[in-house]
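Position in the sequence shown (first residue = 1) + 45 = our numbering.
Think of the CB as a built atom: it goes at the ideal place given N, C-alpha and C, for glycine as much as any other residue.
These numbers were taken from a predicted model, which means no experiment stands behind them.
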Amino acid sequence: MAYPTQLTFLTNADDRTQDWTFNGASTRELTHCYHDYPARMIPQVAGKLLDMFAAVDATLLFDPYCGTGTSLVEGMMRGLDVIGTDLNPLARLIAQAKTLTPDLQTIDKEISRFHRFANRADSHPLPATPEIMGISRLEFWFKPLVIEKLARLVRFIDQIGDADAKIFFQVAFSETVRESSNTRNEEFKLYRYDAEHLKKFNPDAFEIMSAKLKRNRIGLQKFLTRMRNFSHPPTCTVYGFNTVDQIPSQMILPASVDIVVTSPPYGDSHTTVAYGQYSRLSAAWLGLDEPDKIDAKLMGSKIYKRAPDLQCAALEQAIQTIHSVDPKRASEVAAFYADLKSSITHVSELIKPGGYACYVVGNRKVKGRVLPTNAAVRSFFEICEFEYIDTFIRSIPNKRMPLRNSPTNATGQVEPTMTNEYIVVMRRPMPRTLRERRASAKSYMIPPKAPKRNSKKT
């Protein structure tokens, strides 16, 4: 395998920040336009990391927290086979849709059928008010006419025979559910519009669905055009296993991955990025597994009877400071980083010698103390004998994040959320040659004593 022999790193902090910001760049090109999602890594960051660190003959990318598949799409655009995993079933569905290469004529046929269906929907029998598992008060979150039209859309999608086309429609439907619901769309958590807003809020689910299909069809066509440039189109596989646990070797072989590009959860699903709440309504309408229990499965949800040994002095000092104020909160924070450490240990085993791990992380604040996640990621990989390459700093004007959160978990107490990301790059070293190992061994050998001279006089 050929590896980069010379890497150009940015040495000026201001240049680093500006170079990685991509302020004003479109983050909705190709299939990246399909669906919104909390705290998405923008495609420009994933693409730049691949351009910098993927070897010329690299073949496989892995994203252990793939979300909606940003890095997977960018990897495919560069001819890499890609594998991702995520605990959120809605995120997995979106990632699958964004990386599929369906027949465009089949998609167009189904879109035309949808328009005919929408134009004469009133002639179809009215479906009974559905019972949606995971939504106890359907009328609280949706107006009656919206419920009726969403139920009709579910029936239409269920009748699509082509599997890829069905996923394409399901993703458009997911955004339709969210935008036609009574939830405040600028929020990640489930907050209902106030009564005054709801009086004027009369969404047409069919019109929203039509607009999503039109937009996504344009993105798909561009993606398919790019895929046709490859004589052997790259493949994508999306799993639902948890990298905190042992990674199944039948899914990914050890030492088979050329590069990891990922953005792990911040560990603040209860205060800032509520992935489960964001997904709940759409996932419930789509019949996905346990839509309201996702947050409870994320890193940090495990209870540790003993304080975990994190082996990162800066992180342990920060947690100790939090512990002096709120021991329970400190235990929750420590649990998250213990899970992150376990995940990195397992991910490191998948990377080939000479391969890279690129982690895009944020240093969140808890109880007034900034948690050095970038330092933790570096330490956890160094424990696995990875080499540290560099850390790039990026301001995040484009990432959809709430401007304020509640790191104390106290009502009414809010602070500004993080405005910088840290891109930590690590490398698994190449095995040393036999000559290098012998030279290294000799350098540690005790030099033999010089033989005694014969002092006998002759």
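With a cutoff of 9 Å on beta-carbon distance, alanine 196 and phenylalanine 251 are scored as not near each other.
By the beta-carbon neighbour count (other beta carbons within 10 angstroms, threshold 16), tyrosine 349 is exposed. When Pro398, Ala421 and Ala84 are compared, the shortest CA-CA separation from alanine 363 is found for Ala421.
Short of 6 Å from the beta carbon of phenylalanine 425, and not among the five residues preceding or following it, lie these beta carbons of its own chain, in chain order: Lys386 and Ile389. Check the Cα spacing between isoleucine 428 and each of Met471, Gly413 and Pro442: the tightest is with Met471.
Annotated three-state conformation of proline 189 is helix, per DSSP. By the neighbour-count criterion, in which 16 or more other beta carbons inside 10 Å mark a residue as buried, isoleucine 263 falls on the exposed side.
Within the DSSP bridge table, the entry for lysine 410 names Val415 as partners.
Fewer than three pairs of CB atoms, one per stretch, sit closer than 8 Å, so the region 261-277 makes no contact with the region 364-376. With fewer than 16 other beta carbons inside 10 angstroms of its own, histidine 160 counts as exposed.
For isoleucine 212, no beta strand (DSSP E) run applies; the uninterrupted alpha helix (DSSP H) run containing it begins and ends at 208-225, by DSSP. In the DSSP assignment, no residue is bridged to phenylalanine 251. Judged by their CB atoms, asparagine 133 and serine 324 are nearer to each other than the 9 Å cut-off.
By the CB criterion at 9 Å, isoleucine 304 and alanine 99 fall inside the cutoff. By the Cβ test, the region 243-260 is not in contact with the region 351-365, since fewer than three Cβ pairs between them sit closer than 8 Å. In the pairwise beta carbon analysis, the region 173-186 is classified as not touching the region 113-125: fewer than three pairs are separated by under 8 Å. Taken through DSSP and simplified to helix, strand or coil, valine 302 comes out as strand. Of Gly69, Phe381, Leu117 and Gln150, the smallest CA-CA separation from alanine 142 is found for Leu117.
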